[in-house]
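Just so you know, the UniProt record's numbering puts 81 at position 81 of the sequence shown, and the rest follows in order with no gaps. For every residue, glycine included, the Cβ atom is placed at its ideal position computed from N, Cα and C.
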Amino acid sequence: MAHFVHVRYLGCCKNFSIQIPSGFQVCHSLGGGTGSGMGTLLISKIREEYPDRMMMTFSVFPSPKVSDTVVEPYNATLSVHQLVENADECMVLDNEALYDICFRTLKLTTPSCE
């Protein structure tokens, strides 16, 4: 599955690389399998295809207060190696701090991506 997705994604990148010559930005979470596994796979494939372009990531690190999935710290730890190898800039975001901003500052009762 990951092979088919990253091949399709790289096809889209080829179209955008003509319009965006400076680089790529990737926003992903490092707790789950999609953001940590598939996200870092895409980052490494983009780096292979476009080694001269800037790669910047906005990576959300998991927090035990926000999620109770036991493998999130392992996923994040294993993903950091790929980020160090393939990203030029990594903006690290703390998931717990993001939730605190939503609750305290924005007064949201149930933060969501919608």
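Spatial neighbours of residue i within its chain, please: C-beta separation below 6 Å, excluding the five flanking residues on both sides.
| i | result |
| --- | --- |
| residue 29 | 35 and 60 |
| residue 89 | 56 |
By the 10 Å Cβ neighbour count, where 16 or more other Cβ atoms means buried, how is residue i classified, buried or exposed?
| i | result |
| --- | --- |
| residue 72 | buried |
| residue 24 | buried |
| residue 95 | buried |
| residue 22 | exposed |
| residue 62 | buried |
| residue 109 | exposed |
| residue 106 | exposed |
| residue 79 | buried |
| residue 26 | buried |
| residue 97 | exposed |
| residue 31 | buried |
Legend entry - Length-filtered (3 minimum) beta strand (DSSP E) runs lying within the UniProt domain "Tubulin/FtsZ GTPase" (4-112): 23-29, 54-61 and 89-94, all fully within the UniProt domain "Tubulin/FtsZ GTPase" (4-112).
Legend entry - the segment 101-113 touching the segment 78-89, judged by at least three CB pairs closer than 8 Å: With the cut-off at 8 Å, the segment 101-113 and the segment 78-89 do not touch.
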